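There are 2 protein chains.
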Amino acid sequence: MQIEDVRAAAVRLDGVVHRTPVLRSRTLDDLVGAEVFLKCENFQRTGSFKLRGAYHAASRLPADRLARGLITYSSGNHGQAVAFAARELGVPAVVLMPADAPRSKREATIGYGAEVVTFDRYADDREALGRALASDRGLTLVPPYDHPDVIAGQGTVALELLDAVEGLEMLVVPVGGGGLMAGSAIVATGLHPGIRLIGVEPLAGDDTRRSLDAGRRVAIEVPRTIADGQAARLPGELTFAVNRRLVEGIVLVSDDEIRDAMRFAVGRLKIVTEPSGASALAALLATRIGRLPSRVGVVVSGGNVDAGRFAELLVEDVSTSS
Amino acid sequence: MQIEDVRAAAVRLDGVVHRTPVLRSRTLDDLVGAEVFLKCENFQRTGSFKLRGAYHAASRLPADRLARGLITYSSGNHGQAVAFAARELGVPAVVLMPADAPRSKREATIGYGAEVVTFDRYADDREALGRALASDRGLTLVPPYDHPDVIAGQGTVALELLDAVEGLEMLVVPVGGGGLMAGSAIVATGLHPGIRLIGVEPLAGDDTRRSLDAGRRVAIEVPRTIADGQAARLPGELTFAVNRRLVEGIVLVSDDEIRDAMRFAVGRLKIVTEPSGASALAALLATRIGRLPSRVGVVVSGGNVDAGRFAELLVEDVSTSS
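Note that the protein sequences, when read in sequence, are chains F and P.
By the count of this note's numbering, the first sequence reaches residue 553 at its end, each step adding exactly one.
By the count of this note's numbering, the second sequence reaches residue 553 at its end, each step adding exactly one.
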């Protein structure tokens, strides 16, 4: 994959995704000793960067396959992104969701016009159910990260940031399955060969960190972390191949550090972030990266959290009360 | 006062205040049946529009008076604005604050370089204390709203909004002392004579509404409302004279409606608003205005609320638990 793939994705995404704002905060700059540029994908349509990859991948399907519709297993940001992309493209979408998924996620997905099919997370085989539905109706699965078109779509986040801000010497990017990191790394090293790329994982969801250490993909237990968007058990095959080659390292942040970053975002930036969306900011605030260069780009990847849950996360010691 | 006064203020404020973003939300448009343009002063430096009026008024002082310094009674957004303006202008500032003011407000004010002088809100005469300090040190009081230079500064909010968005047929603006409303009304009617101007007060802080009904300024009891930025007891003399002439009417919103708007801002807009900052949005969401024209501008006036208090406000039924 090359930067040209990301540029082509940007052309397809033009007019569909927002060119999200880049926020600054003098307080943040003073705290961390660098000029920080926050690329705010929490303001993206559907509330996260995931729309970029999902729409791009769907839009590249052959017309006859696309017309039959899309399917995804994700009940999170990728699920909403696939639902929204299908509506934009005028095709049906099915989102498989556990029957006990939060009502707000279910409503958002239905609100975007998708059909929600529920399953019993303890009794049913989600993948078998998905395959059966896909085969019956001719639906195409849109994978959440491990696909070249998804990676190229996510890379447009970094393309926009590097286009908007000159002289960035480091990008700090949240890592779940690794699609945003891989796409960003392809763009950043393509434009600025010396740029440093730092990934951020939650302490309990350190599959990419462990995999980099081991030199091969390593699976971990299902992570218990507030950063549900980064609770991957295993890096993607394609994303890991890219990240292994281009990323300097992965730093880890605790759930408490993520909550501190969310509170900072409220108090100082006046923005709402979901836990995964605040993890890269947390890495800076918790000084996990060591000495920073003078200009640092940070991706705030999403803001999908309902108000009640958000309030819980902002309150001190929520971890001990839940 | 004329639109030229506001244009002159905009020139003085250039490079000092942010040209804050105008946000859109399709969900909001669909809900209220109009195109809504949110002027987000929660992203302003110091976290609210108050910097505009405070800096403008201070910058217009004669050099010798300015050099001796500024003083204000406000422990809220205006106090932070005066502190910040003084720092920008390189002069001292004193902010009088009750000894039991929230630590976050005190810290923010000190962080901007001001001297905080505390008083006992039950025993001391704040105004006498202020007058004594001002006279001893030659400090100039920067009033929070009832001054032509403050009004002209606040008017730059509407000037920027009307410059950024064509064809607005209505502006909806929070009203406390009435400075933001008056400045906005001068600009809006100057640029678009037929534009409709709607003010919004909290139900318990309806001094301007009552005053408009009575045709003269009417004082109310100290309002008990979560919208502390709008807890005025009496409209300003100058602001009321302007608003009486130019504003179509004042609509009222309950604290619960304000909380609903704050939750909407979190869930859909991904922004942090303080209660006063969300009151104009609340008026739209609670359908307090009647039939809307096709394009409506709404001022989100501020976002200063610390994370813990913000969490409290987001939780349902906080009113019954506090």
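Note that the Cβ used here is the ideal one computed from N, Cα and C, for glycine as well.
Since we're looking at a predicted model, the values are computed, not measured.
### Query
Cα-Cα, which of I426(F), M493(F) and V373(F) is closest to A288(F)?
V373(F)
### Message
What does the alpha-carbon distance come out to for the pair H309(F) and V396(F)?
### Response
27 Å
### Query
Name the chain F residues that come within less than 8 Å of R494(P), Cβ to Cβ?
Neighbours of R494(P) on chain F, chain order: A538.
### Message
I need the straight-line Cα distance from S510(F) to I234(P), nearest angstrom please.
### Response
46 Å
### Message
Does the CB of F280(F) have a neighbour CB from chain P at under 8 Å?
### Response
no
### Message
Assuming contact is defined by CB atoms lying nearer than 8 Å, are T258(F) and Q275(F) in contact in what I supplied?
### Response
no
### Message
Quick check: the stretch 347–367 of chain P against the stretch 529–548 of chain F, are at least 3 beta-carbon pairs closer than 8 Å?
### Response
no
### Among S305(P), R334(P), L269(P) and A241(P), the one whose alpha carbon lies nearest that of R291(P)
A241(P)
### Message
Looking at the secondary structure, which residues open and close the beta strand (DSSP E) in which M328(F) lies?
### Response
A324 to P329
### Under 8 Å between C-beta atoms of L469(P) and D437(P)
no
### Task
Return the first residue and the last residue of the alpha helix (DSSP H) that V388(P) is part of.
Element bounds for V388(P): P379 to A395.
### Query
Do you know offhand how far G410(F)'s Cα is from G284(F)'s?
8 Å
#### Entry: Residues that V503(F) contacts on chain P, provided the C-beta gap is smaller than 9 Å
A496, V497, G498, L500, K501, I502 and V503
### Message
To be precise: take each residue of the stretch 261–275 of chain P, compare its Cβ to all Cβ atoms of chain F, and keep it if any distance is under 9 Å. Which residues remain?
### Response
C271, N273 and F274
### Task
Check the Cβ of F541(F) against every Cβ in chain P and list those closer than 7 Å, keeping chain order.
V497 and L545
### Message
Suppose the cutoff is 6 Å on Cβ atoms and the five residues either side in sequence are ignored; what does the same chain contact list for S552(F) look like?
### Response
Unreliable positioning characterises S552(F) in this predicted model, as indicated by a pLDDT of 40, which lies under 50. The coordinate reading is nonetheless provided below. Answer for S552(F): no residue qualifies.
### Task
Kindly list the residues whose CB is nearer than 8 Å to the CB of L544(P), restricted to its own chain and excluding five residues on each side of it in sequence; keep chain order.
I457, R490, M493, P506 and V536
### Query
What do you get for I341(P), buried or exposed, if any count of 16 or more other CB atoms within 10 angstroms of its CB means buried?
So I341(P) ends up on the exposed side.
### Task
Quick one: measure Cβ to Cβ for A389(P) and G407(P), integer angstroms, because I've assumed they're closer than 8 Å.
The Cβ separation is near 16 Å, so there is no contact.
### Task
Specify, as a first and last residue, the run of the beta strand (DSSP E) that F268(P) falls within.
E266 to C271
### Task
Keeping to the same chain, check which residues put their C-beta closer than 6 Å to that of A345(F); ignore five residues upstream and five downstream.
The residues are A314, A324 and V326.
### Query
Going along chain P in order, which residues have a C-beta closer than 8 Å to the C-beta of P252(F)?
Those within 8 Å of P252(F) in chain P are P252.
### Query
Do you know offhand how far L244(F)'s Cα is from G467(F)'s?
Each residue's Cα considered, the two are about 23 Å apart.
### Message
So with CB distances below 7 Å, who are the chain P contacts of G369(F)?
### Response
Correct list: empty, because the minimum Cβ distance to chain P is about 30 Å.
### Query
Given that G534(F) touches chain P, what residues does it touch there, using C-beta distances under 8 Å?
Taking a Cβ-Cβ cut-off of 8 Å, the neighbours of G534(F) in chain P comprise K501, given in sequence order.
### Query
Which first and last residues belong to the alpha helix (DSSP H) in which P506(P) is found?
P506 to L516
### Query
Helix or strand or just coil, what does DSSP make of I520(F)?
Coil.
#### Entry: Through-space distance from M328(F) to L434(P), alpha-carbon basis
If you take the alpha carbons of L434(P) and M328(F), they lie about 42 Å apart.
### Outcome for P454(F) when other beta-carbon atoms lying within 10 angstroms are tallied against a minimum of 16
buried
### Query
Buried or exposed: where does P375(F) fall if 16 or more other Cβ atoms within 10 Å of its Cβ makes it buried?
buried
### Task
For S306(F), count neighbouring C-beta atoms within 10 Å of its own C-beta (all shown protein chains included) and say buried if the count is 16 or more, exposed if not.
buried
### Task
Measure the alpha-carbon distance for P524(P) versus E400(P) and round it to whole angstroms.
6 Å
#### Entry: Residues near V418(P) in its chain [Cβ-Cβ closer than 6 Å; skip 5 each side]
I234, V237, G386, A389 and L390
#### Entry: DSSP three-state assignment for D444(P), whether helix, strand or coil
helix
### Task
Measure the Cβ-Cβ separation of E272(F) and V527(F) and say whether it is below 8 Å.
No, the pair does not count as a contact, with Cβ atoms beyond the cut-off.
### Query
Quick one: what does DSSP say V247(P) is sitting in, helix, strand or coil?
coil
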